[in-house]
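Below: one structure, written as structure tokens.
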């Protein structure tokens, strides 16, 4: 109120959920024409703060002012009327409608009472061009990549009335480098037009690249708001996790030790293994005690290989040997009983079962492998669940909490627990650290290495090169649904990137 | 953060799955308590209990049986529209097995006598019941195959048997309404051992369903498949087999309901047995707190839901609503009940809890 630059002021915001104090007395203010990053670990309260601001949740205490006037935001629609538009972490659009319909649904241009499709498509195209995207807007949204879908979501958010405040919740978690740059271009442009942008992300690099201010939350409390230029990276991370970062050093130590123990024995051998239209035939070997990294851009075939190995799809060429035996049946259940586990990329669609409790989610795969009638006794279920809640540091009030009440990173840990509970020999992790915070990332990477140390084999897929480099003993590079090359031993980021991008271009 | 004991109990009660179905039932009974004198009177005759409350559970048992099976199907994210038709099929099979002579055009006199002999049955009762249930199970299996393996949408897949089923039932009985004279068969629907015998059947089927779903992993798998079948598939759950089981069990329940219903009216009537009961069964499941989108389910809730529907009917009769107006009034009451389930009312109940805590 005192400062006319503030478009949004939130003061002393409290919000509790059953068993969790999600926010306690958090202050936040946003200026016109700035990009303001909100960072914090899983469960720090970032999403909740946004939900309060967008009217999804109502605060228990505290005051919100917009343009100096106090407001009670009643609903998401009310928030939109106030000029607040949001693009959520999970894209909430309809994949089977066209891009144009998705952008303009509810506000279709009309002529004589019926939808003017021509005008609608033209308009949608124009809106997307403002974001430097040129695509056929009459195609269904689902036929485009996640990145394009994300852009469509942003276009939709911008289109909603006179958006003056744009909230981007983890917008870059599914984007590759080039697409991220493109998004940042759009964000800077909007900023120069006076838009106030709240940017929530786990990528520290991106925070420094694009934001003006950083607000740090931890465990539902405000740590502080800083000018981006004035806070060094290490200090920021230390404030986020509330401790010093020695873990990464520890990790390279573990990796060094475990690499000495890699035995020649191949747990998994694949020859000419592929599926037409999905992945070109490739050879793959995975040894006990090693972490094999997969590097490649979005759409390079990383996920396809993982799902083929796990039996989500059936290969139509080549053969796979597991611990010497030829694999004949390809299905998730058959894979689990062979000691293979897959932590899928898409946490929401293929990972968690959101209405089930943490306990039920953790025992699900183990129980599936035991069949219908060898039901784990309740006591055993709690034992298993509690063991992994402790081991993986899952932040939940109890094992009986529905998993949907947990933050994204903790949900990811629950899925990890589900697979660890099956005691796999081969663990395939597809983007296990996507959308989770620095602290949890380090924990998961450490876990992967310690599993390898126990003599298990891990296949580690990640978009973050640094992470692949840090955790893997050997790296396979995929490009355009083909295996391009393989690196053993030390390799630097630059070389890796070059082979991912392709020599010619 | 200390909570008083009473508020803790309130929260526990109001967040229980059974809170709303029980509240709905209580509401209707409260209405009866005020408006219908003697509604709660229970008489004893020859050691058996009679009264309006007993009528509710007895007349509601057919829908309760259907609702048990329907709960599992709905929990997987599907629906079974064919249960009414399957009831008719089971009833026809049973009737024919007890007295195939009714179909004959001409009969020698010694067989003619048997047609309305209350002690005569062609096949022993246990075979009659087993075969009828077997046929019903096959019907359920058929639905399950269409839904799980052929991947037809549940509503369409079960619509096939819903339409064709009554035709099949008529083929079995040659298009004739068959009266059932065999006296022991009547005990299924009309018998009394202190309480109506059909109530024991409901309890028995409930017990089977409960053990099947809660003492094995099947219940967890059904819920998991209903909530997110892709995640379930990735976790190694054989979603097809789970669905097949749910539809098959639903067919089994419909078969039993068919036996109870035909025993009740001592007739196998392919046209009318179980007519529109699939909708009552779905309604019972919804009142019982299981979402149509699948997932978490409550078997006991569905049974209470069936009683709620029956309680509405009996209460309406008791206050003198004419039979022709019953459906319309029932509709209004159902809307009121469903409103009770809305997020607003739930929020209100939670706030009461919060106030008590304060």
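Protein chains in written order, with this note's numbering: chain C, 1 to 505; chain D, 506 to 863.
Ideal Cβ positions, reconstructed from N, Cα and C, are used throughout, including at glycine.
Outcome for residue i when other beta-carbon atoms lying within 10 angstroms are tallied against a minimum of 16
i: residue 521/D; result: exposed
i: residue 276/C; result: exposed
i: residue 157/C; result: buried
i: residue 575/D; result: buried
i: residue 232/C; result: exposed
i: residue 505/C; result: Summary for residue 505/C: the model assigns pLDDT 38, below 50, so the residue's position carries little reliability, and this model does not support an answer.
i: residue 654/D; result: exposed
i: residue 347/C; result: buried
i: residue 136/C; result: exposed
i: residue 390/C; result: exposed
i: residue 338/C; result: buried
i: residue 856/D; result: exposed
i: residue 379/C; result: exposed
i: residue 548/D; result: exposed
i: residue 494/C; result: exposed
i: residue 728/D; result: buried
i: residue 656/D; result: exposed
i: residue 699/D; result: exposed
i: residue 615/D; result: exposed
i: residue 94/C; result: exposed
i: residue 74/C; result: exposed
i: residue 227/C; result: exposed
Nearest-angstrom Cβ-Cβ length linking residue i and residue j, presumed shorter than 8 Å
i: residue 566/D; j: residue 765/D; result: 6 Å
i: residue 678/D; j: residue 600/D; result: 6 Å
i: residue 365/C; j: residue 421/C; result: 7 Å
i: residue 286/C; j: residue 459/C; result: 6 Å
i: residue 166/C; j: residue 114/C; result: Actually they are not in contact, since the Cβ atoms of residue 166/C and residue 114/C sit about 32 Å apart, beyond 8 Å.
i: residue 83/C; j: residue 153/C; result: Not a contact, Cβ separation roughly 18 Å.
i: residue 511/C; j: residue 748/D; result: Nothing in the structure corresponds to residue 511/C, since chain C is present only between 1 and 505.
i: residue 604/D; j: residue 756/D; result: The pair is not a contact, with the Cβ atoms about 24 Å apart (cut-off 8 Å).
i: residue 64/C; j: residue 71/C; result: 6 Å
i: residue 488/C; j: residue 470/C; result: That pair is no contact at about 16 Å.
i: residue 462/C; j: residue 431/C; result: 6 Å
i: residue 127/C; j: residue 147/C; result: Actually they are not in contact, since the Cβ atoms of residue 127/C and residue 147/C sit about 17 Å apart, beyond 8 Å.
i: residue 315/C; j: residue 294/C; result: With a Cβ gap of about 17 Å, residue 315/C and residue 294/C do not count as contacting.
i: residue 239/C; j: residue 216/C; result: 5 Å
i: residue 426/C; j: residue 410/C; result: Actually they do not touch by this definition, with Cβ atoms about 25 Å apart.
i: residue 744/D; j: residue 734/D; result: 5 Å
i: residue 732/D; j: residue 680/D; result: Not confirmed; about 45 Å, so no contact.
For residue i, the residue or residues it bridges with in DSSP
i: residue 36/C; result: 198/C, 213/C
i: residue 17/C; result: 20/C
i: residue 293/C; result: 460/C, 475/C
i: residue 343/C; result: 429/C
i: residue 321/C; result: 269/C, 326/C
Own chain residues within Cβ distance below 7 Å of residue i, not counting five before or after
i: residue 15/C; result: 22, 23, 48, 52, 57, 59, 60
i: residue 806/D; result: 522, 523, 526, 793, 794, 795
i: residue 664/D; result: 586
i: residue 271/C; result: 283, 318, 319
i: residue 490/C; result: none
i: residue 361/C; result: 352, 353, 403, 414, 418
Own chain partners of residue i with C-beta closer than 6 Å, once the 5 adjacent residues on each side are dropped
i: residue 140/C; result: 96, 98
i: residue 321/C; result: 269
i: residue 392/C; result: 413, 417
i: residue 301/C; result: 279, 478, 481
Check: residue i C-beta below 7 Å from any heavy atom of the ligand FAD
i: residue 429/C; result: Annotation note on the ligand FAD: not contained in the displayed structure, which lists no ligands.
Spatial neighbours of residue i in its chain, beta-carbon cut-off 8 Å, leaving aside the 5 residues before and after
i: residue 132/C; result: 182, 185, 186
i: residue 196/C; result: 7, 8, 30, 31, 32, 33, 34, 36, 164, 165, 166
i: residue 591/D; result: 641, 644, 645, 666, 670, 756, 759, 760, 763, 779
i: residue 852/D; result: none
Under 9 Å from the C-beta of residue i: neighbouring residues of chain B
i: residue 360/C; result: No chain B is part of this structure, whose protein chains are labelled C and D.
Can you list, in chain order, the residues of the segment 694 to 722 of chain D whose Cβ is nearer than 8 Å to any Cβ on chain C? Within the segment 694 to 722 of chain D, contact with chain C at the beta-carbon level (separation under 8 Å) is assigned to 720, 721, 722.
Under 7 Å (Cβ pairs) to chain D, residues found in the segment 374 to 392 of chain C: Residues 375.
What residues from the segment 725 to 741 of chain D come within 8 Å of chain C, judged by C-beta to C-beta, listed N to C? Answer set for the segment 725 to 741 of chain D: 725, 726, 728, 729, 732, 733, 735, 736, 737, 738, 739, 740, 741.
Could you name the residues of the segment 418 to 429 of chain C whose beta carbon sits closer than 8 Å to any beta carbon of chain D, in the order they occur along the chain? Listed in sequence order: 418.
Using a Cβ-Cβ cut-off of less than 7 Å, give me the residues of the segment 800 to 818 of chain D that come near chain C, in sequence order. Of all residues in the segment 800 to 818 of chain D, only 800, 801 come within less than 7 Å of chain C when Cβ atoms are compared, listed by chain position.
What residues in the segment 739 to 763 of chain D bring their beta carbon closer than 8 Å to a beta carbon of chain C? The residues in question are 739, 740, 741, 742, 743.
If you measure beta-carbon to beta-carbon, which residues of the segment 212 to 229 of chain C are closer than 9 Å to chain D? Contact annotation: in the segment 212 to 229 of chain C, no residue has its CB less than 9 Å from a CB in chain D.
Along the segment 339 to 357 of chain C, where does the CB come closer than 8 Å to a CB of chain D? Name the residues. Within the segment 339 to 357 of chain C, 342, 344, 349, 350, 351, 352, 353, 354, 355, 356 place their CB atoms closer than 8 Å to a CB of chain D, listed in sequence order.
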